[in-house]
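Participant: Per our numbering: the sequence shown = residues 5 to 261.
Note that the Cβ used here is the ideal one computed from N, Cα and C, for glycine as well.
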Amino acid sequence: EGQKHHAIDLSRFHDIEPQKMWSNMLMTQYEVSRMMMNYTVSNSVPMPMPALGEKTMVISTKAVLTMHNKTMKLMFRVGDVFPPFGQFLQAEVFAYFYPWRSPTQQSSDVWSYEGRELALRTRANPCSNRLFLRTPVIVEHIVDSNSPLRSWQTKEGFIADSRAEILVIVCGVNQVKNSTEKVQRLFKVHDGDIACGHTFTDIVSPPHTCEDENHGQPKIDYDRFHEVVQSSPDASDEACWIYSSTRSPFSTGNEDS
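(1) Any heavy atom of the ligand HEM inside 8 Å of the beta-carbon of D148?
(2) Just how far apart, CA to CA, sit P103 and L14?
(3) Which whole-angstrom value is the C-beta distance of T60 and F86, which I expect to be below 8 Å?
(4) Going by C-alpha distance, which of F92, T126, E242, C131 is nearest K181?
(5) How is K74 classed by DSSP in three states: helix, strand or coil?
(6) Go ahead and label V208 buried or exposed: buried means 16 or more other beta carbons lie within 10 angstroms of its beta carbon, across all protein chains shown.
(7) Quick one: what's D241 bridged to in DSSP?
(8) Compute the distance between the beta-carbons of P210 and R138, then report whether it is under 9 Å.
(9) Measuring CB to CB, does R134 end up less than 9 Å from A95?
(10) State the DSSP-derived secondary structure class of K192, mapped to helix, strand or coil.
(11) DSSP state of Q91, grouped into three classes?
(12) In this structure, what does DSSP give as the bridge partners for T184?
(13) Where do the ends of the beta strand (DSSP E) carrying I163 lie?
(14) Can you tell which of L171, C244, V147, K8 has the C-alpha that lies nearest to the C-alpha of T65?
(15) Distance cutoff 9 Å, beta carbons only. Does H194 sit that close to anything in chain B?
(16) Using a Cβ-Cβ cut-off of 6 Å (strictly less than) and excluding sequence neighbours within five positions of T205, which residues of its own chain qualify?
(17) Excluding the 5 residues preceding and the 5 following Q179 in the sequence, name in chain order all residues of the same chain whose CB lies nearer than 6 Å to its CB.
(18) Three-state secondary structure (DSSP) at D227?
(19) Is the beta carbon of R120 closer than 9 Å to that of P140?
(20) Alpha carbons only, please: which of N73, D19, Y100 is nearest the one belonging to F191?
(21) Quick check: what's the CA-CA separation for V187 versus S240?
(22) If contacts are defined as beta-carbon pairs under 8 Å, then V68 and M76 qualify, I think. What distance do you get, rounded to the angstrom?
(23) Is it buried or exposed for R189, if we count other Cβ within 10 angstroms and need 16 for buried?
(24) Just how far apart, CA to CA, sit A168 and H10?
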């Protein structure tokens, strides 16, 4: 008598409530970052530079499937956001294809889960997966008859791999900590992580075009690092299925183009 007691509703112990600023609980890391950037700009809040030693390597949120000179390419973008030259040395990039194909009725095979490595290159170094990240780099995989993705040369082959995933890993030596660090991203085919018939937006301006405002350094628009746009194929490439429609290959047909 006279003592106070607290009521505890253990049935709601695991309940969570969204905060006002985070009302969309399904936002990706990229969307949260963009929202924070918009908030700081509109409220004149200065964004601090990344500190030395932080993980500043990034991989684009999407990969693209495009054609150039009758050659199909899978591409994604890699960068180091630490200004002005990046802080990671001896960077290397790796990609692995996981088909996740189900067994056929005529076969007793189990699910195909083994990852197959994809040969990677850049325009600057077409024979190596080594990266120099002073500016963001477009990494390519050539989809030819020797590629694990060779079935993607047809729309039917791409759709057949709807469960497939591509794991990208970038490793580099942090010159501050003198330690090897990595960043990775998983692209899922059916989730639309691979944009067919698209390419990456140009985000790098040469030093001579921004000398006054950037002290002779190239200007990089990291706000558009993840941005892709529909590509314009050459006459020899426009017949490829990736340019046949603006609709996703997994659309039901009821969606607008």
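Facilitator: According to the structure shown:
(1) The ligand HEM is not part of this structure, which contains no ligands at all.
(2) 44 Å
(3) 4 Å
(4) F92
(5) coil
(6) exposed
(7) D241 pairs with nothing; no bridge assigned.
(8) no
(9) yes
(10) Strand.
(11) coil
(12) V177
(13) Taken as a continuous stretch (DSSP letters only), I163 belongs to no beta strand (DSSP E), being part of the alpha helix (DSSP H) at 159-164.
(14) L171
(15) Absent from the structure: chain B. Only one protein chain is present.
(16) R228, E231, V233
(17) Q91, L93
(18) helix
(19) Cβ atoms of P140 and R120: not closer than 9 Å.
(20) Y100
(21) 37 Å
(22) About 11 Å separates the two Cβ atoms, so there is no contact after all.
(23) buried
(24) A168 and H10: Cα-Cα distance of roughly 52 Å.
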